[in-house]
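Visitor: Quick note on the numbering used here: the sequence shown kicks off at 53 and runs consecutively.
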Amino acid sequence: MYKYIKTLIVIVLSLALTPLCVYAEEENVSLSSKSYVLMEAETGEILLENNKDEILPPASVTKIMTLLLIYEACESGKIHWDDEVSVSSHAASMGGSQVYLEENEIQTVKDLTKCIAIASANDASVAMAEYISGSEESFVALMNRRAKELNMNNTNFVNACGLDADGHVTTANDIAIMSRELILNHPEVTEYTTTWMDSITHKTARGEKEFGLTNTNKLIKWYNGATGLKTGSTSGALYCLSGTAERDGLNLIAVVMGAPDPKTRFQDVMKLLDYGFANYEVKRGIEKGNIVGQICVYKGTDEYTDVLCGENFRYLAKKGDNSEIENEVILDEGVMAPLSAGTKVGEIIYLKDNTEIGRVDAVLKNDVSRMKLSDSI
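Take a look at the structure:
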């Protein structure tokens, strides 16, 4: 009977203490911002959040979408980094954060992008919006279409720069989603988002004059591993920030909205990042492009051909979790020629404690040609 009571006491104490430990962790990241999200970039997993879907004005954090569309337009060949852009009267009229572009001033796509990423320039944002889509209104339609494609379901853009406007809203979660899309697919943006000071040259009818740019994101000076990304502040939005950082292969996105002052927004983001780096790590599977086996080819010029890992696998784990991640390569029994390189011919299944945690495609390394009659003679 004594042993039974003793065991029961231990169980009760364990259950009682568990929520206290969770509370202590949450207490360590107590924030003042209205809403926040901490996301691991490669997996998209949310590590911490509060009011992540609360709809709020984003201020200049809007420009993450503007930058994403600029990089996508350059990647597709629609525009080029050395293209020259003529600044319209509408773009030059933007208030708030700006680099004082003048009507008919000529700047390259590269320099206007630099102004957006470093100095949060409203005038440069609108100039690029007009250059890509013909008008700011058409560009905003493109922004909203892209947001829907990314499942940013609580977002509606009204302008390209983030000035307060009725209906111009998003959420911390949606900001994390578009931040992830930008940094994973266009990591070259960090060339600008990690630059503290730079300059452009104004070229107008009055001649040329150098203009200094200073990054609005103090995180890159204050935080080890910071890679960006974008600040925002207006009277309606208060102070917002999407902060990104990378250490030891762990890539984090911390978003805060509605912070009461500029210092608090940076402190809140750093608390989130500290929590992520202290408690999580990314475990990696077979790297994309590594050979994982061979497969039999029927009626091909070669009897067997190499099979590759088709994509990277990342698994987010709590630090101290020493569970082994195993993998099992399952290939088709054979393939019939002809086939193209990259064709899926199987899967790599990842297991933790004999439970599947993910799978990726196994693909052909090379084109597989069909045997000709002359080859068999």
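Each residue gets a CB set at the ideal place from its N, CA and C atoms; glycine is no exception.
On the DSSP letters alone, give me the boundaries of the beta strand (DSSP E) that Val381 sits inside.
Guide: Ile377 to Leu383
Visitor: Can you have a look at Thr266 and say buried or exposed, based on whether 16 or more other CB atoms are within 10 angstroms of its CB?
Guide: exposed
Visitor: Within 10 Å of its beta-carbon, does Leu97 have 16 or more other beta-carbons around it, so buried, or fewer, so exposed?
Guide: What sits at residue 97 in the sequence shown is Glu, not Leu. Exposed.
Visitor: Could you name the residues of the same chain whose beta carbon sits closer than 6 Å to that of Phe329, not counting the 5 residues immediately before and after it, in chain order?
Guide: Arg299
Visitor: Starting from the C-beta of Gly398, find all residues in its chain whose C-beta is less than 6 Å away, skip the five residues before and the five after it, and write them out in chain order.
Guide: Ile382, Leu383, Asp384 and Ala414
Visitor: With distances taken from CA atoms, which of Lys370, Asn342, Ser87 and Tyr350 is nearest Lys417?
Guide: Asn342
Visitor: How many angstroms separate the CA atom of Ile61 from the CA atom of Asp226?
Guide: Legend: pLDDT at Ile61 = 34, less than 50; position of this residue unreliable, no value from coordinates given.
Visitor: For Cys73, is the classification buried or exposed, using 16 other Cβ atoms within 10 angstroms of its Cβ as the cut-off for buried?
Guide: For Cys73, the predicted structure reports a pLDDT of 32, less than 50, and the residue's modelled location is therefore unreliable. The matter cannot be settled from this model.
Visitor: Could you compute how far the alpha carbon of Tyr402 sits from the alpha carbon of Ser87?
Guide: 34 Å
Visitor: Give the straight-line distance between the Cα atoms of Ala169 and Tyr244, rounded to the nearest whole angstrom.
Guide: Their backbone Cα atoms lie some 6 Å apart in a straight line.
Visitor: Do the CB positions of Leu304 and Leu90 come within less than 8 Å of each other?
Guide: yes
Visitor: Measure the beta-carbon distance from Ser112 to Thr283 and round it to whole angstroms, keeping in mind my assumption that it falls under 8 Å.
Guide: 6 Å
Visitor: Just to confirm, is the Cβ distance from Met24 to Thr353 under 8 Å?
Guide: In this structure the chain extends from 53 to 429, so residue 24 is not present and cannot be described.
Visitor: Which same chain residues end up closer than 6 Å to Met204 when comparing Cβ atoms and leaving out the 5 residues on each side of it in sequence?
Guide: Asp226 and Ile229
Visitor: Using 8 Å as the threshold, is the C-beta distance between Ala306 and Glu333 below it?
Guide: no
Visitor: Between Ser149 and Leu100, what straight-line distance do the alpha-carbon atoms span, to the nearest angstrom?
Guide: 31 Å
Visitor: So His292 is in the alpha helix (DSSP H); what residue range does that whole segment cover?
Guide: Reading off the sequence shown, one finds Cys at residue 292, where the question assumed His. Not the alpha helix (DSSP H): Cys292 falls in the beta strand (DSSP E), residues Leu290 to Arg299.
Visitor: From Val192 to Ala176, what does the alpha carbon distance come to, in whole angstroms?
Guide: In a straight line, the C-alpha of Val192 is about 15 Å away from that of Ala176.
Visitor: Which residue's Cα is closest to the Cα of Arg366: Tyr123, Ala393 and Lys404?
Guide: Lys404
Visitor: Taking only three categories from DSSP, how would you classify Tyr244?
Guide: helix
Visitor: For the alpha helix (DSSP H) containing Val81, list its first residue and its last residue.
Guide: It is not in any alpha helix (DSSP H) - Val81 carries neither H nor E in the DSSP assignment.
Visitor: Nearest to Leu120 by alpha carbon, out of Thr160, Cys213 and Ser187?
Guide: Answer by Cα proximity: Cys213.
Visitor: Within the same chain, show all residues whose beta-carbon is closer than 6 Å to that of Gly301, passing over the 5 residues directly before and after it, in chain order.
Guide: Val334
Visitor: List the endpoints of the continuous beta strand (DSSP E) containing Ala278.
Guide: Ala278 to Thr286
Visitor: Check for me: the beta strand (DSSP E) holding Ser251 runs from which residue to which?
Guide: Met249 to Thr256
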